[in-house]
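Here is the structure we will look at, set down as structure tokens.
There are 2 protein chains.
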Amino acid sequence: MILLSVSSSSSSSIAAVFSGALILFNFFEATLGAPCPINGLPIVRNVSELPQDNYGRPGLSHMTIAGSVLHGMKEVEIWMQTFAPGSETPIHRHSCEEVFVVLKGSGTLYVAETHGNFPGKPIEFPIFANSTLHIPINDAHQVKNTGHEDLQVLVIISRPPIKVFTYDDWFMPHTAARLKFPYFWDEQCVQESQKDEL
Amino acid sequence: MILLSVSSSSSSSIAAVFSGALILFNFFEATLGAPCPINGLPIVRNVSELPQDNYGRPGLSHMTIAGSVLHGMKEVEIWMQTFAPGSETPIHRHSCEEVFVVLKGSGTLYVAETHGNFPGKPIEFPIFANSTLHIPINDAHQVKNTGHEDLQVLVIISRPPIKVFTYDDWFMPHTAARLKFPYFWDEQCVQESQKDEL
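Chains L and D, in that order, give the protein sequences. Everything in the first sequence is counted per the working numbering, starting at 263 for the first residue and increasing by one. Everything in the second sequence is counted per the working numbering, starting at 263 for the first residue and increasing by one.
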């Protein structure tokens, strides 16, 4: 940024200065916590230094460890999410594969087998530290921290960026479920061109 | 198994008994640690109860948390691997996406940018607990526990089952790299039909 204030007497020098500033700007964007650093992503990163946010959901901390719109992943995406006691995901479904690995805490996974016009009463599964869960494709589900300490999970999805259909309750018709795309953590960085991939 | 010892005077009864035994056998296969339980995979499993093996590599413990040939995953596969001090992966490359999340310990990631006829001298990256690594597609790489305690990582790959090309050293020509498919932990369960997907 300092370069931008350097005076120059020729237009070519000005162009060079602007070009240098642009390179520097891109460098900082790519390496120092820019929101959408697709280019120049370091091969090794410290997870504890990655940006996290609750994206308007009280009790949630979401971190995209390796993302599609954020980091240029094409086939898999990995999140770390922490749920405070009592907090939960929406009831939702998606057509990609999803696997959880529970790192800390405990809670409940609710899964409704989607055979009718609406999800229906879900089956409840206790989840716990060092458990792994796989979500059947297109089944409506919800993860809730029903324990007394933070629930921390790694989440792996295929075919990013994620396209989520959300439900108000388990008896809402599938046809009324709302598509949320791009999802909250992808909104800032999603490319217009990717909207055609739905 | 007890059912198999029940005597019966009619062939239809024998058929029923065998059928019942088969159902019981399939149930136990699917839920109680069978090697290839694609059908009936429980939605929640305890990672500490999953089978692990070193597959002939001293110092390695490999566990397939969610696998293609093992569990029927189509798009992603997740492993937990623990490397004793001094142990390492082979030098290898693959054309799928791969992300590591380091859970415990420390070590070194070696990556060679594959621009010539052989990998060449790799770049070294220190890796540490709570770091994440993404491997550029088709770049030869190796993970080694260069620390003093166990190195434990979660590994996420796309397009399972994995097809690996291994190298004896960093200067071995790419054309001499050996394809290992199915990989060691997939050998027991790989379907003949999947060999055509290479």
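Just so you know, even glycine gets a beta-carbon here, dropped at the ideal spot from N, CA and C.
Contact annotation: P347(D) and N392(D) have beta-carbon atoms that are not nearer than 8 Å. Taking a contact to require three or more Cβ pairs closer than 8 Å, the stretch 351-361 of chain D and the stretch 341-360 of chain L do not qualify as touching. Cβ atoms of G378(L) and W432(L) stay farther apart than 8 Å, at about 11 Å. Between D412(L) and F345(L), the C-beta gap is smaller than 8 Å, which places the two residues in contact. As the crow flies, the alpha-carbon of Q314(D) is around 43 Å from that of T437(L). Short of 8 Å from the beta carbon of Y317(L), and not among the five residues preceding or following it, lie these beta carbons of its own chain, in chain order: H324, F446, W447. Taking the C-beta atoms as reference points, M342(L) is found nearer than 8 Å to V309(L). Under the Cβ criterion of 8 Å, V338(L) is counted among the residues facing chain D.
Interface annotation, I327(L): in contact with chain D, CB-CB separation under 8 Å. The count of Cβ pairs closer than 8 Å, one atom from the stretch 327-334 of chain D and one from the stretch 420-431 of chain D, reaches three, so the stretches are in contact. Contact annotation for F387(L) against chain D: P304, I305, V306 [CB-CB distance below 9 Å, chain order]. The secondary-structure analysis by DSSP pairs D315(D) across a beta bridge with H324(D). The beta carbon of T394(L) lies closer than 6 Å to those of V363 in the same chain, with the five residues before and after it left out.
Between the beta-carbon of T370(L) and that of E360(L) there is about 16 Å, and that puts the pair past the 8 Å contact cut.
The beta-carbon distance between S368(L) and G321(L), rounded to whole angstroms, is 15 Å. This is too long to meet the 8 Å contact definition. Residues of the stretch 393-422 of chain D with a C-beta less than 8 Å from any C-beta of chain L: S393, T394, L395, H396, I397, P398, L416, I418, I419, S420, R421, listed in chain order. For L332(D), the enclosing alpha helix (DSSP H) stretches over residues 330-333. For secondary structure counted as the beta strand (DSSP E) over 3 or more consecutive residues, the stretch 368-405 of chain D holds these complete runs in sequence order: 368-374, 385-390, 393-397. Put simply, the CB of S330(L) is far from chain D, with every gap to its CB atoms at 8 Å or more. Taking K366(L) as reference, the option from E375(L), V415(L), G334(L), S349(L) with the minimal CA-CA separation is V415(L). Here G334(D) has I300 as same chain residues with Cβ atoms under 6 Å from its own Cβ, once five neighbours each way along the sequence are excluded. Under the 10 Å beta carbon count, E311(D) is surrounded by fewer than 16 other beta carbons and is classified as exposed. Residue environment: P444(L) is assigned as buried (16 or more neighbouring CB atoms within 10 Å of its CB, all protein chains considered). Think of a sphere of 8 Å around the beta carbon of E359(D): the chain L residues whose beta carbon falls inside it are M335, K336, E337, V338, in chain order.
At least one CB of chain D lies nearer than 8 Å to the CB of L371(L). Using a Cβ-Cβ cut-off of 9 Å, V309(D) is close to V363, V364, N392, S393, T394 of chain L, given in chain order. The Cβ-Cβ distance between E350(D) and V405(D) falls below 8 Å. Distances from the CA of Y372(D) to each of A402(D), K442(D), D430(D) were compared; the closest alpha carbon is that of A402(D). Pairing A374(D) with P388(D) gives a Cβ-Cβ distance that is not under 8 Å.
Partner residues in the beta bridge of F362(D), as assigned by DSSP, are L395(D), V417(D).
Under the three-state reduction of DSSP output, T437(L) falls in the helix class.
Put simply, the backbone Cα of E449(L) is about 12 Å away from that of K425(L).
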